[in-house]
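Going down the list, the sequences are from chains A and B.
The working numbering applies: residue 272 is where the first sequence begins, and numbers increase by one.
The working numbering applies: residue 2 is where the second sequence begins, and numbers increase by one.
We put the beta carbon where it would ideally sit given N, CA and C, even for glycine.
Working notes, structure below.
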Amino acid sequence: MIRNFGLVLGHWDKFLTGFLNTSWLCLVSAVVSFILAAFLTVPLMAEKRMVRSVTRGIVDGIRCIPFLLLAYLIYYCLPVVGLRLDNWTAGLLTLILYNSAYFAEILRGAWSHLPHEQEESGRAFGYAGMHLFLRIIAPQILLAAGPVLGNQVIILIKDSAFLMIITVPELTYMANHVQSTYFVPFETFIMAVVLYWTLCTLVELVVKRVEGLAEVRRYA
Amino acid sequence: MNWEVVRALAEGAVRTIWLSGLGIAIGVPLGLFLALCRVWRVPLAAPLVAAYVSVLRATPLVTLALLIFFGFPPVLHIDLDPRVAAVITLALNTSAFHSEIWRASLIDFPADQLEAARAAGMTRSLIFRRIVLPQAWRASLPGMVNEMTFLIKTSPAIAVIGVVDLTRAAHRIAAYTYEPLPPFISATVIYVMVVIFLVLGQRKIERHIIKKYGIL
């Protein structure tokens, strides 16, 4: 077994490629989904009931679908309407679409739990519109939603492993490649698990920092 | 869509529900056991469980399925049926999450109730069975149903080890008929129905609890 681990470590370049691919796929899709979700919260919190329930329906609908099925829908069904995407674009698009819905729901939840007095006293101090949102509402939503957002990023990282099925060369795909070439399955997948654990632990550390910041802000 | 297609989808759906159900049936009590190891601070077991939960929560189901199906048999010198490997994968994965849900409700358990039970002369196992468990499962219910819907949604991962679940069945039909839209949309509808069924079940149990005990 020790010798097999040595064999696996000898192909560290393959694991590094997979690890880096997984990392940037997740980072890009997390950032883009977050921005999209921030825009989505506006219709989700809209005054008009019609606007609210339509966006609500779309967001809830996406949240009900398994990730892999959404990837298949995008990868195999979009060509039917004439939009042919390669596996990278399809994978990235799936990650972004799927997680925008989840992030939007998390932000909406945090916003609706924000005490209404906060907004009112902000107005009383002369804040309005964009200023009110950026200075008073947004920072509080972010600090409150921090841990849940971090959890969702970890789910995103784990969902990205599904993309191996549409042959995106991310970490699990590369591990499977090494495994099938040298037939050392146990050691390769343990290696992949360790790398995923490292990535998720990094995200958790960032979340802890944000939580620390939230504590300071709340009691300062 | 002809009958054969409908049958293939139905078989896939039954397999998804059956295997996920078995995974949940093993994962929930296993999670409780793991949570107790940590809450009762069992020497040696508590840090081991903490490590187990940390690693399993960070491992994608696809990677775990590949590790269990391809990785373990040559090391342990055993033969593993893909469906058995799938159930083990789902059970191990969900047990880590269920242990966190159980642990949260065990930690939040009111201390005065424990003191009262101890004052009444109850032993630790009796307190657990008569006082803690009947209330802790009710507090855990929303989290558990949430985790069940998550498991159903990540269960397509077991397709990588050759189990023909609902998603795989839809994929096969799409590859066979060259019409991807109908099978994938049907599969989506079935998943949504399963999730809705679980959530409705949770509401029903919650209503029943409120009727019986006054509070959740």
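Any C-beta of chain B under 8 Å from that of residue i
i	result
A/Met435	yes
A/Asn447	yes
A/Ala491	For A/Ala491, the predicted model reports a pLDDT of 46, less than 50, meaning its position is unreliable; a value from the coordinates is still stated below. By this cut-off, A/Ala491 is not an interface position.
A/Leu340	yes
A/Ser360	Before going on, a small fix: residue 360 of chain A reads as Thr here, not Ser. No, A/Thr360 lies away from the interface with chain B (no Cβ there is under 8 Å from its Cβ).
A/Ile461	yes
A/Pro337	yes
A/Pro440	no
A/Leu344	yes
A/Pro456	yes
A/Val325	no
A/Lys479	no
Chain-ordered chain C contacts of residue i [CB-CB under 9 Å]
i	result
A/Val351	The chain labelled as chain C is not found among the protein chains of the depicted structure, namely A and B.
With 16 other Cβ atoms within 10 Å as the buried cut-off, status of residue i
i	result
B/Pro184	buried
A/Gly483	exposed
A/Tyr369	buried
B/Ile79	exposed
B/Lys154	buried
A/Lys429	buried
A/Gly417	buried
B/Gly28	buried
B/Pro48	exposed
A/Ser371	buried
B/Ile89	buried
A/Gly277	exposed
Residue i at chain A interface by Cβ criterion, 8 Å
i	result
B/Ala121	no
B/Arg16	no
B/Phe296	Residue 296 of chain B cannot be examined here, being either before or after the span of chain B that is shown, 2 to 217.
B/Ala11	no
B/Gln203	no
B/Val196	yes
B/Thr189	yes
B/Phe98	no
B/Val7	no
Straight-line Cα distance separating residue j from residue i
i	j	result
A/Thr326	A/Glu318	13 Å
A/Ala491	A/Ala309	With a pLDDT of 46 at A/Ala491, under the threshold of 50, the modelled position of this residue cannot be trusted; read the value that follows with caution. When rounded, the distance between both Cα atoms is 27 Å.
A/Trp468	B/Trp138	29 Å
B/Thr189	A/Cys335	8 Å
B/Asn3	B/Arg204	36 Å
B/Arg208	B/Ser126	29 Å
A/Ile408	A/Val352	41 Å
A/Leu476	B/Val6	48 Å
B/Val63	B/Ile159	7 Å
A/Glu486	A/Pro410	13 Å
A/Arg406	A/Lys479	23 Å
B/Ile216	B/Ile210	7 Å
A/Ser294	B/Pro61	14 Å
A/Val302	B/Leu33	36 Å
B/Ala26	B/Glu148	13 Å
B/Met123	B/Pro75	49 Å
B/Ile18	A/Ser304	30 Å
A/Leu425	B/Ala59	Looking at the sequence shown, residue 425 of chain A is not Leu but Ile. Using only the alpha carbons, I get a separation of about 7 Å.
B/Ala14	B/Pro83	17 Å
B/Val164	B/Leu152	16 Å
B/Arg104	B/Thr95	14 Å
B/Ser156	B/Ser21	7 Å
A/Glu390	A/Tyr398	9 Å
A/Leu363	B/Arg119	56 Å
A/Pro337	A/Glu458	29 Å
B/Val85	A/His402	57 Å
B/Glu12	B/Leu81	22 Å
A/Leu470	B/Ala176	35 Å
B/Ile128	B/Val195	36 Å
B/Lys213	B/Leu142	16 Å
A/Ala415	A/Ala463	32 Å
A/Gly281	A/Val449	11 Å
A/Phe460	B/Tyr53	16 Å
query = Quick one, which residues of the stretch 287-305 of chain A are near chain B if we go by CB-CB under 9 Å, in chain order?
reply = none
ask   = Which residues, taken in chain order from the stretch 44-67 of chain B, show a beta carbon closer than 8 Å to some beta carbon of chain A?
value = Ser55, Val56, Arg58, Ala59, Thr60, Pro61, Leu62, Val63, Thr64, Leu65, Leu67
ask   = For the stretch 396-425 of chain A, which residues have a CB atom closer than 8 Å to at least one CB atom of chain B, in sequence order?
value = Ile425
inquiry  = Please identify, using Cβ separations under 9 Å, the residues of the stretch 129-158 of chain B that lie next to chain A, in order along the chain.
reply    = Residues of the stretch 129-158 of chain B with a C-beta atom less than 9 Å from some C-beta of chain A are Thr150, Phe151, Ile153, Lys154, Thr155, Ser156, Pro157, Ala158, listed in chain order.
ask   = Going along the stretch 161-177 of chain B in order, which residues come within less than 8 Å of chain A, judged by CB to CB distance?
value = So the list reads Val161, Thr168, Ala171, His172, Ala175, given in the order they occur along the chain.
ask   = Going along the chain, which residues of the stretch 73-96 of chain B sit with their C-beta nearer than 8 Å to a C-beta in chain A?
value = Phe73, Pro75, Val76
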